[in-house]
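**Student:** Every number in the working numbering is 535 more than the matching position in the sequence shown, counting from 1. Each residue gets a CB set at the ideal place from its N, CA and C atoms; glycine is no exception. Please read these numbers as outputs of a predicted model, since none were measured by experiment. Below is one structure. I have some questions about it.
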Amino acid sequence: MLGGFIWLALSIYGNTLENLETRGIGSGFGFLSAEAGFQIGEVTAIPLPRGGFLYFLLSLAAGLGVSQLLARRTKKQSVSMST
């Protein structure tokens, strides 16, 4: 069983490499040493409190508030049910 799996994996690997070579498609990580051909600006992303960030903070606060209310409500209900 293991031998069959290894044969299948090697067969797929060899077939893939042959098909890529036939079509002239390069594989591997050789592209990492090539230059991009255009300038890449390096700007540090600083989160600014704009619309999207404020919506996130408001949604977070609302979610925490609702979860606290639900936790208190279920705690009260479980206490009253046990007595």
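Assuming residue 544 is part of the alpha helix (DSSP H), what are its boundary residues?
**Tutor:** Locating residue 544 in the sequence shown gives position 9, where the first residue counts as 1. Here the alpha helix (DSSP H) through residue 544 covers 537-558.
**Student:** If we ignore side chains and look at the alpha-carbon of each, how far apart do residue 543 and residue 587 end up?
**Tutor:** Working through the sequence shown from its first residue, we reach residue 543 at position 8. Working through the sequence shown from its first residue, we reach residue 587 at position 52. Using only the alpha carbons, I get a separation of about 50 Å.
**Student:** In whole angstroms, what is the alpha-carbon distance linking residue 608 and residue 599?
**Tutor:** Numbered from 1 along the sequence shown, position 73 holds the residue referred to as residue 608. Numbered from 1 along the sequence shown, position 64 holds the residue referred to as residue 599. Each residue's alpha carbon lies about 14 Å from the other.
**Student:** Could you tell me the distance, in whole angstroms, from the CA atom of residue 661 to the CA atom of residue 560?
**Tutor:** Because residue 661 is not part of the residues shown, which for the chain are 536 to 618, the question remains open.
**Student:** With DSSP collapsed to three states, give me the class of residue 588.
**Tutor:** Within the sequence shown, the letter at position 53 stands for residue 588. If DSSP states are grouped into helix, strand and coil, residue 588 belongs with the helices.
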